[in-house]
Every structure is written in structure tokens, then in C-alpha cells.
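Chains as they are written, first to last, in my numbering: chain C, 11 to 359; chain D, 11 to 359; chain E, 11 to 359; chain F, 11 to 359.
Each residue gets a CB set at the ideal place from its N, CA and C atoms; glycine is no exception.
Put into C-alpha cells, the structure is as follows:
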């Protein structure tokens, strides 16, 4: 951190600040310029960050030049992590496809969608049982019954699955069945939920908030890591901007940026960001090309009848192209497509 | 709602859509133009909104021309609501000042801050015991102990108090002591929390999410209302924009817009939006002038030592100006300043 | 400015950077911390800013702690400026109302609108002859003929007027007739236009770009000032955000922030930001309350027939309330309403 | 367009609106619902759009369901355009690389950078002679001298070149030398400049404004097209968002969206959006993968000494990877890399 003092700050102001930093176990290095004095701070950033430095007399500005995360940072672990979901890895060496229905509606629709996902090359299934909905009048998901359908379907198909958990009280129930827990964009700063999913011991898929900075997203991962659980995958799913033609703006730059800040895998969600079926495949291509470690997409056997987010689900006719797209762009990126249960990844043909 | 069909939509497409709307209890009115057909939908918007209209064949776009909220809408109750917090009203006839420390740190600091608040004319106290913090390493609030301090201090001063609740499991505990529950910006779409605070029976202060549209904010209020609790106050606290000089951008236009859409009181939070002490009083003036039904501000007896958000808290020297400012701008707006416990409001001198 | 070096930066890297700064006439002060070295730079910020510091070996980040503007900065002239438009002042001591039609359509409509403006207390008239329009098919303004109508109308009414100029080639023509030149939001970074309006010698009304930071807006003013013309008034007119219910988001915080950074007057435009008639008066109140030095509003004798921006123009029935609003909120702010031609301002009754 | 009437609109209101639309040569189709009446409008959208429909009595909202552009729309010309720059095509069948120095500084640096560009596979050169700079104190480009250097260098290398023109008065001079004119992001709505570059007869590279919607960007192209010049290439170069870690957010979704709305080629600029060298190659990959018709990048022989935007320029060591990247991702997309002067494109090896 760097503290910039006002031009009229006194020596007493400067000494007071240095003393406070040293009391907090840090160190301070003063650089006196012609018009202004700048003080570099060193030591435990997290602890020093708690000092109300902005409120000290004579302080003009406080600049954060170190990142406040520890456990998930690339400094803490220079080697990228691989997160195991059941027997399927997500990590920087391969590209993992996760697919399935947005919401579990019936056992039949879930089975059909998960078979579609498997046929398209998915190595992990996804599906929503507990749905966070902006309207209290909208379909809220099947809850426990949906979770059971997902579990049975995934076991039948032989793939692990990830599903969202939306409130701390449900974590135990969901963790008992699901192979991976998803924290949705709206809950990215639901800190109690972050702690509970961390303590569940399950791997966690953490979506970026609609309007979260990359720093805040990584700090949310740090909350999970702080419970001792480092099995975290970051998901870029589009941010809110002023552009009305797409539901959200997929921030592809966030993928390499987050990969340089942390050792965690970073994947993209092209279904929820674009909000339109026509955009899904182009964004899958862009996501893999920019270096994402995986992709999570919605598929639906009959999107006309979808109770949730039908317009963006891929349909049967898209599956061949999805499989080929993932394979071709993984290859162009010098990576393989991860197969289900393949700890030793196999290169796509 | 209005459905715009593609130029090449067939009669079968149009009929299929109309049938689906009628099956959902709605009605559809077709307007055939030269190049395009437009279908107006009537009936229960919430129910029709659940149809995956975007995914119907031939559909180009779906436009929402009715608001999907019911219980909190101005149509449901044309007369503006007054929300009672203890004996203090918040509503469109007066201007209510809520003040207190951002976080409860010690009993002494809390008492000092609450006395400052009372002296500045506050009719409701505020203070944080459970704090949502972006970093797991930051001060997380005193929790239950802080709640007890707040409760004792408020009873001693003789004013009701509002405090934030950050997770569903804490609602019962907090509601047992606090006069009003606050849902913070990061939890605006924590739907389980919205339901729980609704069911607590306490009045609720609902902050707008950092990046929530006005529609989403009002829908979050509808979640609370859906539990049967209409004692809701909306708080505009600044939205996230690209401007780096202020922490957030106080969206003053949101005040009259939300007041026209709902019957709920709408207040502003100038402390958290500006993020700087110098901006607090100008934003208090702007908020009252634009028509806010109240203002919520941070005060601190010694902001150098604040464990949280010190830079934006008002200090003792600001209190006279705060009291005068509220009084003058309420008067210029043709409103009175609400006194504590004054069901019958008294005009400010 | 502060340069933060990477942890692995060498002494040679540090020396190379210091030498470059000193060659540019600046000075550098090194602060060596445990993990990182921070270098404070002093001297001519504008000149040092041109060094490609980010590209120097070992540099991690470059932080701007001084503002790069000179002539318009509050440091350059601590006393706020008063800009004279004809005989009417705009400055921090009073509140100046500017009003008139969005676009000049006919001599009759212009006269009627300007009479409305005068009756509402306007001390300066506004009207558009050259209109920047997003569509080449939209009404582009009457150009020279519109300018003549405005000029004749203003002289007849006895008030000065401001009008927009949209391209450098028109500056001379417009400056020959108008008392003040307006640079619109879309042209805020049309640097050639900024230079030309500066050299015209006329006072300039500089609107903030739809998505300009406050820093960029003040730098645009510096471009004008750089020609020797310091008669500049800044106009906050709403910024682009994700919120769809208002055309733009009036950033009231920008008023006190810009007033603290510069000595220039800062006014607000509530008509173009809200985009709806119902929002104009609330935003006039908020703007004056937050401390704006004036307000610029659209009025129209018959907005149904307006060729441009009819929905937001105030109509005859609004005028009394406009006059009273300006007067009451100026008074609550301890300021007077500026009267036409009143160098010595008179307090509003 | 669709006009939504208020619940309390009268028959007279409805008739008045219909009459106005018919007077403007359009047609109106009324759909009366239970609570609201919706009126679909047909005919010349551009002309009807000029009616102040929002201001008509009884009107609640006006929804634009047709796009207002004509000449550049995909409806006007379903076959995608190919724009010729000298002998080099830009269009949907290939991927065209444009590269060169951000700014022309000296003849030597320009030659070195352009040779680097050619070696990396560029089929068109780029370079800045007239630079729009936010600060009046920053390097403003060499102007005419820079243009001459660029012209001589490009002729020597044997490739066409594109350069920016920043004000209408310079268009003739620049068009006399350059093979293609660039309109920068800050000038996207400098309508006079759009007209002048259109009338120059040269092909035009039109950058998206920092905060322009896709609709506004395409409307800016329509301004150029309106002069009779359809040789327009759209450039997505990143939009302004709240995220501070990247200079701008490259909106890759805008590429397929703009390609579906218009027949114009759409390319991406990864240098200016990311603002960091490390992001350039990942964004080149993402841009080609999402379907861009080309890429424009900055290269510099010695970025430490760059007078402008050094941190983001690719250096010699990046060139092999740039060439391979373009080639591999074009191939994965089923496209070829466009060679200089190759009207008949040749597949990359």
C-alpha cells in the first residue's frame, strides 16, 4: 500500500501514521518529494488494510498496490490448481465441458438434457434444483425433489454433477448429493453462504457477480479458501454494462487476468451472459480461445417448454457443432478436451 | 406485455403463441402491420411472464410494458405508505433522519455516536453489529454482543434502532432486539433472507444493490411483501458506474422514479455512496431536495479510530450543520422534519 | 505520481527510471520496502506523464496522485471564477437559470419559448440551431437561419443567449452572433472544436460527455483554457449507466467534486439527463441543493409538436413552479437567484 | 415501432396519434387489450421516429422494434460486404491483420514497426499521424509530416495503410495520401467528420465509441453510408465499464451482433481495449474465434521509448506468436488469413 499525504501534512501527521502502521506489525518507508510525501507500507496487507488510514490527519489518498488475497493468490501457489469433480479434473492443462439443463423440470426432461450433454462431450453435468429468481411469482425450482432427480440421472449416466445452492441452510442437503456446489452470481457476496460451501468439503463453482470487479470475485474465493477448502473454480458469466442488445457483456479479458492473479481454474458461462441461443457458440469459441479452462452451457430437449431461460439453451441440432467447436478451439489453443473421469487427460481427435 | 413477431412468422406461429397465453389465463390482441405483427398480451403479468415466450417460433422480441410487481406497486395502493419504526414514522409527509455509527465497536463509542445522532435530530438510530465484509480478514462486527450494545444504548437514549441482518439464520435473533431490520446492498437478491426478514414481522430497510435496476430493487421489495409484510422502506445508496472519484454514484433520479412506481417510502444513504466526508452534506441536501422521505447517515465520535468506513462518517463539528441542513431543505420542500415518536409530525422551526 | 516497482525489479531498473524522470526535468524519491520499492515523482506532471513509464523494465504500476490540469485547477486559482455571459454572471455566489427551446423550429416557437424562459426567471436564453443527431434522417436543426432567429429573439427580449456549435468550421459564424458557445456531450473530446471555441474569445458551456470521467471533463476544459480562454462553465448532464428507467443518470456528486478540483462554475442540465418531464423539477431541486451554480432547462410552448426532445421540455404550466423552485432552493442554500444583467446580484424574494 | 397507451388514454388520444402517423406516411394498427391499448406502427421508421410520439397525450411508452438504419442493414444487403483497402480485402471470408505503430514518431521507428507488421503477416499497415489526446500537454502526433512518413514507408513496403483523421478540415489532406481513413472512438459521433470521410471516397475504419451502444455505432456507419460510401469496416475496441483492471472491456459479443445487424465487416482492436501487452494475444485469439473479420494491433520496435501507448504494443519477440495465432485460430474458424493484395485469398499454412 502507498499512502499519499496532503501538501500541508505536518511531521506529526506523518509520524502518527507510521506509528499506527508499526503498531499493526507493518513497516513504513517515507519518500519526501518537493510538494508531497508518499509513504510505502509493507507487511501484512490484510491487517494494515483494517487501519482507517483514509481518516488519519494529513492523508490525501491510500493506494492499494498489493492484492489483499492470500490463499488463492498466484504468489501463494505459483503452480495452477486442478480441481477434481468426482473423477473429472478442471484445470489449466485441459478444457472441461459442463452441460445440462438450466432447471430440473421433470425426470424425463432432465434425463434427455443430460444425455444431450454427454453426447456433446460434457465431462460434468449441471442442473438447477434450487433457483434464485428475481420474481417471487416465477418458478422457484423443484428443490429437494429436483436434487434427487439430478442425482439419479447423473449416476445413471455416470458423470458427476454440479448444482446451485442458494442459502446456507441448504448446503448440507445439497452437499450430501451433489459432486460440486455452485454459488450463483447474485450470491457472490453472500458471505455466510461462502463459508458454508467452503466447510462442506465439496468443490465449489463460484460465479462472478453481475457487477463484481475481478478483485471482489477473487476475494469471494478467498472467503471459501479461508475455511480450508481450495477446490474452487471461478466462472466468468458476463457483467452488467449499458449495452442493451446482450443480456450481459461476457468479459473475456477477465479470464487471463484472473488466471494471472490466482492459481484457480477459470471457466466461462456463455449461456447466461449472451441470453440468446445465437450467441452461445461464438462465445464458447471466444472463451476457449482466450484461455478458459472450461465452459458451462445450458441444453434443453425442448426449449419452447422450458420453465426457465429457454431462449439461451442449446438444442439437439447444436450438439454436433458444440462438440466440434470445443475440440477444434481446444486444439488450436494447444490443449486437450477433458474426458469424464480421465485423470490422465487424452488429446481430442 | 407486447410480443413482436419476426417478419417471416407464420399464422401457425401466431396461433400457437395466442393459445399458450390463453392457456395461462391471459388474453392476446393481434395487430398485423405491413412488415410485422405485434401481439399485445393482457391478464396476470406474473403468470404470463413465466411462459418462455422468447423461445416460441417466430418470436423476435418480448417487451415488458407492465411492471411485474403487485403488492408494492402504486396501482395496488395509490396512497403512499407510512412505515412505523417503534413510534417513529417514515413516509411521504415528513423527512426522517436516521443516524448512528457504521459499526458497533465498543459500548462507549456506540453511546457517544448515538448521542451525536440524537443531538443532530435523528428520530431513529442505526448501527452495525453483523457486518458483511468483502475480505475474510476484515473486522466482521461484534455480532450478538454488538446487538446487545445497540439495544441497550437505544433504550437508554429512547429511540428505536435499525441494524443489518446478513444471513437467514440470524433473523430471529436480530428481530428479537431490533426495531427495524436492514437488508444490505450485497444481499438485495438474497431471496431467502428477504423471505425471512419479511416473516419476522419487523419493518425492513431494503438497500438498492450496487448494480440493481430500479425494477429489480422493487421486485426485491415484492419478495418481502409476498410474506405479508408491507412495512418496507427503500434506500438508494449509490450505484456502481465507471466514475472513480466517488465510491458510488448516488442516483437521485431513482427517488422520484421509485416513488411513482410504488407506495413505499424511499430514503437515501449519502455516506456509503460518496465514500468521503466532504460529500455527505451536499448529498443530504440533494436527497431531501429531490424528494426523499428520509436520510440515513454514519456518525462517529472519533473516525481516526473507526474499524469500518471511518472516512465517510460525520464528526461532532458537522452535527449542527446536519441538523440545520435537514431542517432547511425539508422546509424548502414543503415538508417537516420527523421527530422521534411523533406520530403527529411537528413542523421544523 | 507514484511508480510501484515489481518485487523482482533490479537496481538498474530503478536507476534507469530515475534518470529518465530527471532528464524530463522532474525528481524522484525512492522508498524501499521489504517486498517492493515505490518511487515518488515530483515536478511537471504533464511532462512526466508523457514518459512511457508503464513500459520501463521492472515497473508494476503507475499511480496518478496529482491532477494533470493546470490552468483550470483550484490550485492555479483558489478563488472561484465568475463567467460573464453578456451582462449576466455565472459563478459560485448565485444561481443562474438558463432556459429556452431545445431546438429552434420557427421564429414564433422560438419567441414563445424564450418569453416563457424569461417569465420563469431565466437570465440567459438557450436554443439549438445546429443539432448533433444520432440519425442522419433526423431533423438536423435550421443552422444559420436558426442562429439568426435566436439572435433576433434574444435581442428583442434583452437577454444573452447560448447555442451549440458542432464543428470547427462553424465556430466563427456562431461566435459572431451568440453570447456563449456550447460544446455538447458528444463533442467533449472533439479536441479541434475545443481549441476553436477557445480561440473564439466567447465564454463556453462545456457539457460532460455521456461517459466521461470527471478528470476527462476537466481536461477538456483545460484544452479550452490552453488557448487563453478561461471563460468556461462546466455542465453535468447525466452519465450513461445500466439503469434503463432514466435516459441518463444525473451525477449530482460530480458538482461538488468538480467545484473542488477547479475554479470554474459548474451547472446542471436536468432536461437531458432524466429524459422525462416529470423528472425535471425534482432534478432542478437536487442540482441547486447539491451546490450547482446554475441550471439549464428546455421549455417548449407546444411540446406535442416539438421536432426534438419534446418529452422532456417544461410547458407553460410548469413555469411558476420552476421560478419558485429555483428561488426557494437557492435561498435554502444561502444563495441568490441571478437576475439578467445584474452584475450586482439581487437576493430573490 | 410500438406505442403503448396509458390505461386512461381516450379514444381521441388514440385517433390523434394515428392521424399523425398517417400524415407522416406511415400506418398504425391498434390492438385493444383489457387494461391497455397498444398501437403498432409501420412504414418509414426514420420518418416516423421524428414524430414526438412520447409527448402525445395518453402515450405511456414508445418501443423501437425496428432498427432505424437502412443502407448498412443486413436487410438492405443480405450478402456480407467486402471492403477493399488498396488491393487487400476485409470481409467475412477471411481474417485480415492490420498492424503498425500506434503513433508515427520518426521515419526509422515507423519503418521498423511496419517491417515488424509485415513480418507478422499484416496485409494492411496502421499508424497515427494526427493523434487525439486527452491532455493538451501530451504528444499530439506529427501531423502532415507523420502522414508523409507513413505514406513513404507503406509504399516502400508495398502495403496499403490506414490512418486516423481527427477533424473535418484534415480529411482532404489525409485522403490524398492514405488508403483508408480511421474515425476514432472519441469521434464516433462527430457527425460532420463522418460526413466528410464518407465524401472522401476512401474506405473508412469506424471505431465504436467508448460508451456507444451497438445501435449508435451502426447509426454512425449509416451517416457515412448516407454520403454514398459503403466501404465501411466496424471496429470493436472495448467499452467503458466499472472494471478497473483492464483499460476497457472488449465486448466480443458485439462482433456477431453487429454482423447480424449489418452487412459490414467487423474487426477487433485488442491493443487499446486491454491496455496491457499481456492481454493482446489472448484477445486476438478471442476476437478471431468469435468471428471477427480482422484484427488491428499496435507494434513498436522499442516500446520503452514510445511517445504514446507503449505498454500495449507488441514487440519483436511477440511477432512469431502473433502470426501463428492468427493462422491457427483463423483455421479453427474455417477461414483463411488474408494476404496482402490477394483478391483471391490463399489458405494459411
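Own chain, CB closer than 7 Å to residue i, minus 5 neighbours either side, in chain order
i, result
"residue 119 of chain F", "111 and 311"
"residue 131 of chain D", "107, 333, 336 and 347"
C-beta neighbour in chain F for residue i, strict 8 Å
i, result
"residue 260 of chain C", "yes"
"residue 73 of chain D", "yes"
"residue 173 of chain E", "no"
"residue 77 of chain C", "no"
"residue 236 of chain E", "yes"
"residue 29 of chain D", "no"
"residue 295 of chain E", "no"
"residue 257 of chain D", "no"
Residue closest to residue i, alpha-carbon to alpha-carbon, out of the options
i, options, result
"residue 246 of chain E", "E/255, E/175, E/193 and E/189", "E/193"
"residue 276 of chain F", "F/74, F/90 and F/204", "F/90"
"residue 125 of chain E", "E/140, E/113 and E/109", "E/109"
"residue 200 of chain C", "D/34, D/78, D/42 and D/144", "D/144"
"residue 260 of chain F", "F/268, F/279, F/274 and F/243", "F/279"
"residue 18 of chain D", "D/208, D/67 and D/138", "D/67"
"residue 82 of chain F", "F/304, F/73 and F/93", "F/93"
"residue 62 of chain F", "E/231, E/331, E/322 and E/330", "E/322"
"residue 150 of chain C", "C/232, C/141, C/198 and C/327", "C/141"
"residue 137 of chain D", "D/298, D/343, D/215 and D/238", "D/215"
"residue 69 of chain F", "F/113, F/20 and F/162", "F/20"
"residue 206 of chain C", "C/217, C/222 and C/237", "C/237"
"residue 42 of chain F", "F/59, F/12 and F/29", "F/12"
Residue interval of the beta strand (DSSP E) (run including residue i)
i, result
"residue 107 of chain C", "104 to 110"
"residue 15 of chain E", "12 to 15"
"residue 243 of chain D", "242 to 246"
"residue 114 of chain D", "That residue, residue 114 of chain D, is in no beta strand (DSSP E); it is neither H nor E in DSSP."
"residue 345 of chain F", "From DSSP, residue 345 of chain F is part of no beta strand (DSSP E); its letter is neither H nor E."
"residue 136 of chain E", "134 to 136"
Neighbourhood of residue i by C-beta distance below 8 Å, restricted to the same chain and skipping five residues each side
i, result
"residue 189 of chain C", "95, 96, 134, 164, 170, 171, 172, 212 and 213"
"residue 52 of chain E", "36, 37, 38 and 39"
"residue 57 of chain D", "34, 35 and 36"
"residue 203 of chain F", "175, 176, 177, 178, 181, 193 and 197"
"residue 295 of chain E", "335 and 339"
Cβ of residue i within 8 Å of any chain D Cβ
i, result
"residue 176 of chain C", "yes"
"residue 326 of chain F", "no"
Min CB distance residue i to chain E below 8 Å
i, result
"residue 362 of chain C", "Residue 362 of chain C lies beyond the range of chain C shown here (11 to 359); nothing can be said about it."
"residue 25 of chain C", "no"
Own chain, CB closer than 6 Å to residue i, minus 5 neighbours either side, in chain order
i, result
"residue 355 of chain E", "Confidence in residue 355 of chain E is poor, its pLDDT being 40 and thus under 50, which makes the residue's placement unreliable; the coordinate value appears in the next sentence. The residues are 104, 346 and 348."
Opening and closing residue of the alpha helix (DSSP H) in which residue i lies
i, result
"residue 128 of chain C", "117 to 129"
"residue 234 of chain D", "224 to 235"
"residue 362 of chain E", "What the structure shows of chain E is the stretch from 11 to 359, and residue 362 of chain E is not part of that stretch, so it cannot be assessed."
Minimum Cβ-Cβ distance from residue i to chain C less than 8 Å
i, result
"residue 69 of chain E", "no"
"residue 248 of chain E", "no"
> Which parts of the stretch 149 to 221 of chain F are runs of the beta strand (DSSP E), unbroken and 3 residues or longer, counting only runs that do not cross its ends?
Replying inline: For the stretch 149 to 221 of chain F, whole beta strand (DSSP E) runs of length 3 or above, ordered along the chain, are 171 to 174, 190 to 193 and 214 to 217.
> Could you give the uninterrupted runs of the beta strand (DSSP E) lying entirely in the stretch 282 to 328 of chain C, keeping only those of 3 residues or more?
Replying inline: Runs found: 304 to 308.
>> Going residue by residue through the stretch 23 to 102 of chain C, where are the continuous alpha helix (DSSP H) segments of at least 4 residues, counting only ones entirely within it?
In response: Taken in chain order, the whole alpha helix (DSSP H) runs of length 4 or more contained in the stretch 23 to 102 of chain C are 55 to 59.
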